[in-house]
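K.L.:
Protein chains: 4
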Amino acid sequence: VSPNDADAPPRYGIDLNADVGESFGAWRIGEDEQLIPLLTSANIACGAHAGDPLTIERTVRVAVEAGVAVGAHPGYPDLAGFGRRDLAMAPEDLAASIVAQVGVVAAFATDAGVEIHHVKAHGALYNAAARDPELASVVASAIARVAPGTRVYALPGSALLAAATAAGLRPVAEGFPDRAYEPDGSLRARSHPDAVLTDSARIAERAVAMAREGRVVAVDGTTVSIAVQTLCLHGDTPGATEHALAVRDALTTAGIDVRAVA
Amino acid sequence: VSPNDADAPPRYGIDLNADVGESFGAWRIGEDEQLIPLLTSANIACGAHAGDPLTIERTVRVAVEAGVAVGAHPGYPDLAGFGRRDLAMAPEDLAASIVAQVGVVAAFATDAGVEIHHVKAHGALYNAAARDPELASVVASAIARVAPGTRVYALPGSALLAAATAAGLRPVAEGFPDRAYEPDGSLRARSHPDAVLTDSARIAERAVAMAREGRVVAVDGTTVSIAVQTLCLHGDTPGATEHALAVRDALTTAGIDVRAVA
Amino acid sequence: VSPNDADAPPRYGIDLNADVGESFGAWRIGEDEQLIPLLTSANIACGAHAGDPLTIERTVRVAVEAGVAVGAHPGYPDLAGFGRRDLAMAPEDLAASIVAQVGVVAAFATDAGVEIHHVKAHGALYNAAARDPELASVVASAIARVAPGTRVYALPGSALLAAATAAGLRPVAEGFPDRAYEPDGSLRARSHPDAVLTDSARIAERAVAMAREGRVVAVDGTTVSIAVQTLCLHGDTPGATEHALAVRDALTTAGIDVRAVA
Amino acid sequence: VSPNDADAPPRYGIDLNADVGESFGAWRIGEDEQLIPLLTSANIACGAHAGDPLTIERTVRVAVEAGVAVGAHPGYPDLAGFGRRDLAMAPEDLAASIVAQVGVVAAFATDAGVEIHHVKAHGALYNAAARDPELASVVASAIARVAPGTRVYALPGSALLAAATAAGLRPVAEGFPDRAYEPDGSLRARSHPDAVLTDSARIAERAVAMAREGRVVAVDGTTVSIAVQTLCLHGDTPGATEHALAVRDALTTAGIDVRAVA
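Protein chains in written order, with the working numbering: chain A, 375 to 636; chain B, 375 to 636; chain C, 375 to 636; chain D, 375 to 636.
Right, dumping it as structure tokens:
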């Protein structure tokens, strides 16, 4: 740092991720071709809760061409439930499923000349691995077998972040600018009508606060500290691309670098 | 070669392969734990026509512990039909499916400290890739993307062996000591009652003839030349382990090395 | 008929059908709630190529509430391919699959107080049953086992219409106002860029010509006779609801009754 | 009853049921052709946790030809887990799934000239519906929609038996002669090494005690009262047919009628 920089503002950086590649056969979810170029890291469904081989292949290619980091997005093997239902898998079944799921995305990543940058669990698996240390350990150990040393995106303070660290992986805390937070820093349950924000300007404003100040205003008006390195944008909601654009613009205007987690 | 070896008999070697890992969930096919140690290379189902992640993991481990080469055994993604039915997949779907299938077995192989040794197509895909040059090219190109330079097991003279060579893969011609042959060297269709041999002694005798002399006696009594480097044993038929033992013994007694394709 | 009607124009009637209930789990296809009330008969996917139990239940209810006849729409059991790929099923497997598929829709129809009004095959099965008399016979016999005496919608002159008659079912010839026709009365293959019409006005005009005059203008300008009792509208294309509205309006304006096949 | 019968022993009757039709495609479980004729009622898998359309068709036929009552055996839609894993389905999804599953077996039953005699839930669904009144109500209501008035087999004292009664169905209490019981009448968990009995003579002896005296000796030696109308035999364990023969013989020798629940 040169003396001239003494009064320069500190530099912040934040990663923008979204779940993509969640189409299946003739069925489409999300506008991946528009959304992916606005991200810095892409969580690509692995064919278990969503996705199929050709969809994985194409999604990896779109990400690579856009210079977006390729991540795997494993979930419970439950197409009919889109991975959103708890499924009581035996630990060895779950571990093998995760190795297989990450392995498939890794095969297409290698084919496209890149490596797996991160792993993010999906839906019911994401939630279960956040709260259950045993299950989190199964998930983290499985990830470490197939993608040793990779980054794991999860909730700040979650069991999975701790398990990832214990498994020699790199924990990456994640914030949700379009989700309401409780005063204890947890996400407001979707059963509440105000659980999801839909106004692009407010979502973008919260993204900046999370990235620069490590805080978010909870539903009761209190300010909660959440130190996050990546922000999750939702790809399958109406206006997803518009929200992503607004968030990117606001971050850039605020002088925050939008870049994949190093 | 030293002068002393002048009168020594020539050395032959042959590989013994079988399709394994074809259980699914609670359903079992084959006696893999008994059969695999009798083989030199194992074709492991990839979860599309048979197999599931935990079955793949366990089958890879059994093979590695027995010192048996690990191969991938992709088929049409059709559990209900066990990959035995023609399925008119678009070329890009088929290619992506093969990358995904081989990629999954490769992930478990890497996890177990080995690499993919070979790929053998299953059932209806094996037959279609034998006779259809376009489809064979799709299959070979996909294999080359995920396992560059690997060996491809297929029928002598098949379209797939030619396509494998063209894709920079190593073609390995395969014989079936328990199957009857037509005078033109093709396999007798299973619709004939004499299409499959069940007598261990005869199967073993034919294995020796194929390995040492590159010939087999066809159904009309004529002798057909088939130069093969690997012999396929069937694991899901009654007496499979007994046949495998008989074949191994007969080959060893005849002075033929039983070893994986180099 | 009173003497005053002596000079009245003849009365025509036509059925309007569409494929509906083709969502699966979290994935949506079609705008069934808007489209179904514009139809007179609904072809409801049975869970094999598309649809799931809850989707079937809801689609049946929407149809019943709108007074639209409930039909079953069986296809090859191939979710990943949406029933659009040929699948070489054994005849007894195909027959059992059709009994099961129609049986599921029949269970929900009974639960909603109605009976199966008709059956229409989907995608690759529709095409295969149109051209292959043996397969058509398998399909028709299976339908007759689970819905004896029902109506079967199929292409005029197709093998399936003949097989339906032979199986004691009621054949119903179907026209496609949004598809181009060849001079021999067959549908122009989708590989041609002009295979599908997208202009609502032209689609509506062709619907009237098919319904009232039993004719359609082929791609070479010649007029082809096709006597049809039902017209198929496509629900999964952009503008589907708009096309359906235009067709209904044009038929009504032309004095043609839009009503389910009696 | 005539005076001559005054000293005659009372007549008892008991139903013998087993889970059958649990093969899938090329995979076989159970020896249905041997076992079914030894039963009086057959619980036929519906294609969701096991079974496929042709297997259902054939199993129904074997039962009908043997004069064995045809029942439906719905489970969680989870082939990979054989319906043995808890799956957090939304109530409306579970209800629709049960209507569809029972509806498929009913279609084949009707085709074979019989009606659904009873319904028995499978695996994790059986256990969940035994202990959870809300889920039991969902299951019973769904059964009542597709098979009104049918019999429901479940554990004595279970939530499902109560829910079945409330839904206008006929509750049938079930005993397990090859399972160990706790002193409170519950089944000993399978995690205990002595949870399953394998000695045919002891299984048969317990079957007689359950059928005639409504009691079973628990693992601590105390005698537990369990009034049951049907006994479950397991078809997928080694020696299943032998056990079934021993049970039938012992019941007949003891003067107990082996017959389907009236």
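Don't be surprised by glycine CBs; every beta carbon is placed ideally from N, CA and C.
These numbers were taken from a predicted model, which means no experiment stands behind them.
Does the beta-carbon of D/Arg-622 have 16 or more other beta-carbons within 10 angstroms, so that it is buried, or is it exposed?
P.N.:
buried
K.L.:
Short check: CB of D/Ile-430 to CB of D/Val-394, under 8 Å?
P.N.:
no
K.L.:
Could you tell me if B/Asp-406 is buried or exposed, where buried requires 16 or more neighbouring beta carbons within 10 angstroms of its beta carbon?
P.N.:
Result: buried.
K.L.:
My understanding is that A/Val-444 touches A/Ala-502, with C-beta atoms under 8 Å, so please give their C-beta distance in whole angstroms.
P.N.:
Their Cβ separation, rounded to whole angstroms, is 24 Å, which puts A/Val-444 and A/Ala-502 out of contact at 8 Å.
K.L.:
Assuming A/Ala-618 and A/Leu-607 form a contact by the criterion Cβ under 8 Å, report the distance between their Cβ atoms to the nearest whole angstrom.
P.N.:
5 Å
K.L.:
So what does A/Ile-329 bridge to, in DSSP terms?
P.N.:
Since the first residue of chain A shown is 375 and the last is 636, residue 329 of chain A is not available in this structure.
K.L.:
Find the residues of chain A that neighbour C/Ile-403, judging by a C-beta separation of less than 9 Å, and give them in chain order.
P.N.:
Ala-400, Trp-401 and Arg-402
K.L.:
Could you spell out where the alpha helix (DSSP H) holding A/Gly-595 opens and where it closes?
P.N.:
A/Gly-595 -> no alpha helix (DSSP H), and no H or E assigned at all.
K.L.:
If you reduce the DSSP assignment to three classes, tell me which class C/Ile-418 lands in.
P.N.:
strand
K.L.:
Check for me: the beta strand (DSSP E) holding B/Glu-548 runs from which residue to which?
P.N.:
544-549
K.L.:
What residues in its chain sit with their C-beta under 8 Å from that of B/Asp-506, if we drop five residues either side in the sequence?
P.N.:
Ala-533
K.L.:
Classify C/Glu-616: buried if its beta carbon has 16 or more other beta carbons within 10 angstroms, exposed otherwise.
P.N.:
exposed
K.L.:
If you measure beta-carbon to beta-carbon, which residues of the region 452-474 of chain A are closer than 7 Å to chain D?
P.N.:
Ala-454, Arg-459, Asp-460, Leu-461, Ala-462 and Met-463
K.L.:
Starting from the beta carbon of A/Asp-426, find every residue of chain C whose beta carbon is closer than 8 Å, and list them in chain order.
P.N.:
Ala-454
K.L.:
Hey, is B/Val-375's beta-carbon within less than 8 Å of any beta-carbon in chain A?
P.N.:
Unreliable placement is indicated for B/Val-375, whose pLDDT of 36 sits below 50; the coordinate value is still reported in the next sentence. It does not: the Cβ of B/Val-375 has no partner Cβ on chain A nearer than 8 Å.
K.L.:
If you compare alpha carbons, which of D/Ala-614, D/Ser-415 and D/Asp-568 is closest to D/Val-593?
P.N.:
The residue with the shortest Cα to Cα distance from D/Val-593 is D/Asp-568.
K.L.:
In chain order, what residues of the region 513-543 of chain C put their CB closer than 8 Å to some CB of chain D?
P.N.:
Arg-519 and Val-520
K.L.:
Check whether chain B comes within 8 Å of A/Val-394, counting only Cβ atoms and requiring the distance to be less than that.
P.N.:
Chain B contact via Cβ: absent.
K.L.:
Keeping to the same chain, check which residues put their C-beta closer than 8 Å to that of C/Ile-600; ignore five residues upstream and five downstream.
P.N.:
Pro-530, Ala-547, Gly-549, Tyr-555, Gly-559, Met-584, Gly-588, Arg-589 and Val-590
K.L.:
Taking buried to mean at least 16 other C-beta atoms within 10 Å of its own C-beta, is D/Leu-390 buried or exposed?
P.N.:
buried
K.L.:
Would DSSP call B/Gly-477 helix, strand or coil?
P.N.:
helix
K.L.:
Rounded to whole angstroms, what's the CA-CA distance from D/Pro-551 to D/Phe-456? Just pull it up for me.
P.N.:
23 Å
K.L.:
Let's test the definition: count the other Cβ atoms within 10 Å of the Cβ of B/Thr-597 and tell me whether it reaches 16, buried, or not, exposed.
P.N.:
It counts as exposed.
K.L.:
Identify the continuous beta strand (DSSP E) that holds B/Leu-605 and give its terminal residues.
P.N.:
604-607
K.L.:
Distance, Cα to Cα, D/Ala-469 vs D/Val-512?
P.N.:
In a straight line, the C-alpha of D/Ala-469 is about 6 Å away from that of D/Val-512.
K.L.:
Using DSSP's beta-bridge definition, name the partner residues of A/Gly-493.
P.N.:
At residue 493 of chain A the sequence reads Val, which differs from the Gly that was named. BP columns for A/Val-493 point to A/Ala-446 and A/Val-526.
K.L.:
In the DSSP output, which residue or residues are listed as bridge partners for C/Val-591?
P.N.:
C/Thr-597
K.L.:
Does D/Glu-407 have its Cβ less than 8 Å from a Cβ in chain C?
P.N.:
no
K.L.:
Would you give the residue range spanned by the alpha helix (DSSP H) that C/Thr-429 belongs to?
P.N.:
427-439
K.L.:
Strictly below 9 Å CB to CB, what residues from chain C border D/Glu-431?
P.N.:
Glu-466, Ala-469, Ala-470, Val-473 and Ala-474
K.L.:
Of all Cβ atoms in chain E, is any one closer than 8 Å to the Cβ of B/Gly-449?
P.N.:
Of the chains in the structure shown, none is chain E; the protein chains are A, B, C and D.
K.L.:
State the Cα-Cα distance for the pair A/Pro-361 and A/Val-526, rounded to the nearest angstrom.
P.N.:
A question about residue 361 of chain A goes unanswered here, because the residues of chain A that appear run from 375 up to 636.
K.L.:
With DSSP as the reference, please indicate the residues paired to A/Tyr-500 in a beta bridge.
P.N.:
DSSP lists no partner for A/Tyr-500.
K.L.:
Starting from C/Pro-507, follow the alpha helix (DSSP H) in both directions and report where the run begins and ends.
P.N.:
507-520
K.L.:
From A/Ser-574 to A/Ala-581, what distance separates their C-alpha atoms?
P.N.:
10 Å
K.L.:
Return the CA-CA distance between C/Ser-397 and C/Ala-424, expressed in angstroms with no decimal places.
P.N.:
6 Å
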